[in-house]
Amino acid sequence: MTRPLYINDFAFHCILGSGSMKNCSAVLEKLKNAERGEFTMHDVAGTMRPAATIDPATLPAVENQIFDNRVNRLSQAALCQMDSSIRSAVEKFGADRVGIFIGSCDNGSEASLSALKCFKETGAFPEGYKLDYQRADFPAKFIAERYGITGMVSVHSTACASSASAFVSARNNIYAGNCDAAIVGGVDIASLPVILGFASLEAMSDKPTNPFSANRSGLTLGDAAVYFLVTKDECADLCVGSENLQVIGFGESADADHITAPRADGEGAYQAMLAALNDAELGASKIGYVNLHGTGTRLNDAMEGRAVNRLFGENVPASSTKALTGHTLGAAGAIEVAFCCMAMQNQVLPAHLNDGVADPEIPPVRLAHANEAAKDLHYCITNSFAFGGCNVSLVVARDA
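When we follow this note's numbering, the leftmost residue of the sequence shown carries the number 5, and every step to the right adds one.
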C-alpha cells in the first residue's frame with residue numbers, strides 16, 4: 005500500500021523566475037523552449053566561471069534583521085507566493101502540528117567570510133554578527149519564525165540530494181504521526197565558498213553546463229528556493245489546484261563507493277529508481293518523463309545514463325533542467341519535483357538543452373526536445389544523486 009504525500013501548494017524562485025502551483029506559465033514557457041536563465045561570470049582564482057546567480061538587490065528584505073541574509077531573502081521570494089496556504093495549514097492543524105523539512109548546503113558562509121574579513125581588518129566582528137548564521141538549521145528556523153510554527157524542524161544537508169531527502173523525511177514523520185502537515189523544500193545559493201569548493205574538485209565548467217553531451221565539461225551552480233505544503237490526506241480546503249498532485253514513490257540507496265564520485269556502473273542510481281517505483285507500486289512502463297540529475301560532469305552523466313537506459317530503455321523522454329537553472333544543490337531535488345508537477349499540470353515536457361553531440365560511451369537516453377507535448381503524462385520520476393553515493397529518486401503523480 006502506497007503512502008503518498010498530497011501536494012496542496014508549491015512555489016519557487018530561481019534564475020528562470022518565480023512560479024507557483026497557481027501561476028507558473030512564464031517559467032513553464034522557458035522549460036519547454038529550453039530557454040536558459042541568465043548566467044553571470046565569476047572570477048575563480050583567475051578563471052572566469054558561470055553561475056546562475058540572482059541579484060540580491062532584487063530579493064525582498066527580511067523584516068526580522070536576525071534572519072536577513074541572502075539565503076533567507078531567497079526563501080522569502082518563494083514563500084510569499086504561498087503565504088495564505090501555509091497560514092491556513094497552521095490554523096487548521098495547529099502551530100505544533102506543522103513540520104518543516106528542508107534541504108540546504110550553504111546557509112551563511114558569505115556572512116561568516118565577510119565577518120572574518122572585518123575581524124582581520126579591525127580586530128572585531130561586525131555589530132550584530134552571530135555564528136548562528138552558519139548553523140545548519142538557520143534557514144528552517146527562519147521559516148518557523150515567519151509562520152509561528154512550533155512543530156518539528158529538520159534540515160538535510162546531503163549535498164545534491166538534500167531536498168529530495170527532505171521529502172523522504174517528511175513522509176516518514178507525517179505517517180509516524182509526528183506532524184499533520186509539512187513545509188518541504190530547499191534553498192541554496194551559489195556563494196563564493198561553494199563555487200571555490202567545486203572548482204577545487206575540478207567539477208565546474210568554464211561555460212554553461214552541457215549535460216549528456218560528449219563535450220560536457222562540468223557543472224554550473226545556481227541559486228534557488230522552493231517549498232511545498234504537503235499532507236497525507238487530501239485537503240480540499242488547503243489545495244489550490246485541481247490536478248491531485250502527489251509524491252507517491254520514495255526510493256533511496258547508498259553507493260558508499262567514493263567520497264564525491266558516484267559508482268561508475270550506475271548501480272546505486274538504478275536501485276534508488278527501482279525502490280521508488282516499487283514504493284509507488286508502479287512498473288517502469290508507467291513513467292512518462294524522467295527528470296535527470298544530469299549535472300554535466302563526466303562521471304555523473306555516464307553512470308546515470310547507464311542506470312536510466314537499464315530501467316527505462318531509450319523510449320521514455322528525459323531531460324536535465326540544470327542546463328536551464330544551474331545546479332541549485334540543496335534546492336535541486338525539490339525544484340525538479342515542482343518542474344515535474346508543472347509538466348503534468350500542463351502536459352508538456354521540460355526540454356533538454358545541450359549541444360546535440362551524443363556520447364557513444366553512454367547508453368542511449370531519449371532526450372526531450374523543445375516544445376514537445378507530453379502524451380497522457382500521469383507519472384514522472386526525478387533523480388537526485390549526491391556526494392558519497394547518497395541517491396534519492398521520487399515518483400510524482402497526477403490524478404493517481
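Virtual Cβ for every residue (Gly too), placed ideally from N, Cα, C.
At the level of alpha carbons, what is the spacing between residue i and residue j?
| i | j | result |
| --- | --- | --- |
| A260 | P8 | 28 Å |
| P368 | A390 | 23 Å |
| A81 | N248 | 25 Å |
| E256 | A93 | 29 Å |
| E206 | R220 | 13 Å |
| H160 | L381 | 30 Å |
| D13 | R101 | 18 Å |
| V188 | S158 | 10 Å |
| A342 | N27 | 12 Å |
| L315 | M346 | 24 Å |
| R175 | A322 | 26 Å |
| R310 | S24 | 33 Å |
| H356 | A265 | 24 Å |
| V361 | I153 | 50 Å |
| L233 | R267 | 34 Å |
| G222 | A240 | 44 Å |
| D210 | L32 | 27 Å |
| T51 | G181 | 51 Å |
| V352 | E376 | 6 Å |
| G155 | I104 | 8 Å |
| S3 | P60 | A query on residue 3 cannot be resolved here, the shown segment of the chain reaching from 5 to 404 and no further. |
| K236 | H373 | 35 Å |
| L63 | M5 | 43 Å |
| A49 | L286 | 48 Å |
| V294 | C84 | 29 Å |
| I199 | S113 | 12 Å |
| M277 | L120 | 43 Å |
| I70 | A128 | 19 Å |
| Q250 | Q349 | 12 Å |
So what does DSSP say about residue i, is it helix, strand or coil?
| i | result |
| --- | --- |
| Y133 | coil |
| A174 | helix |
| P266 | coil |
| L353 | coil |
| A93 | helix |
| D305 | helix |
| A186 | strand |
| L371 | strand |
| N313 | helix |
| A378 | coil |
| R77 | helix |
When DSSP builds the beta bridges, which residues end up paired with residue i?
| i | result |
| --- | --- |
| V157 | I104 |
| D192 | A228 |
| T325 | T325 pairs with nothing; no bridge assigned. |
| S397 | G255, N387 |
| I11 | V234 |
| A362 | S217 |
| R402 | L249 |
How far does the alpha helix (DSSP H) with residue i in it extend, from its first residue to its last?
| i | result |
| --- | --- |
| A281 | Checking the displayed sequence, the identity of residue 281 turns out to be Leu instead of Ala. That run of the alpha helix (DSSP H) goes 271 to 284. |
| V66 | No alpha helix (DSSP H) holds V66; DSSP gives it neither H nor E. |
| A336 | 336 to 350 |
| F71 | Taken as a continuous stretch (DSSP letters only), F71 belongs to no alpha helix (DSSP H), as it is neither H nor E. |
| P143 | 142 to 151 |
| A180 | Per DSSP, A180 belongs to no alpha helix (DSSP H) and is neither H nor E. |
| S116 | 113 to 126 |
The beta strand (DSSP E) with residue i in it runs from where to where?
| i | result |
| --- | --- |
| C84 | From DSSP, C84 is part of no beta strand (DSSP E); its letter is neither H nor E. |
| Q320 | A quick correction: the sequence has Val, not Gln, at residue 320. Per DSSP, V320 belongs to no beta strand (DSSP E) and is neither H nor E. |
| V294 | 293 to 295 |
Check the Cβ-Cβ distances between residue i and every residue of chain D, and say whether any is below 8 Å.
| i | result |
| --- | --- |
| G337 | Within the model displayed, chain D is absent; a lone protein chain is all it includes. |
| field | 3 or more residues per run - each beta strand (DSSP E) lying fully within the region 201 to 261 | value | 228 to 235, 249 to 258
| field | Complete beta strand (DSSP E) runs within the region 16 to 61 (minimum length 3 residues, chain order) | value | 21 to 24, 44 to 48, 51 to 56
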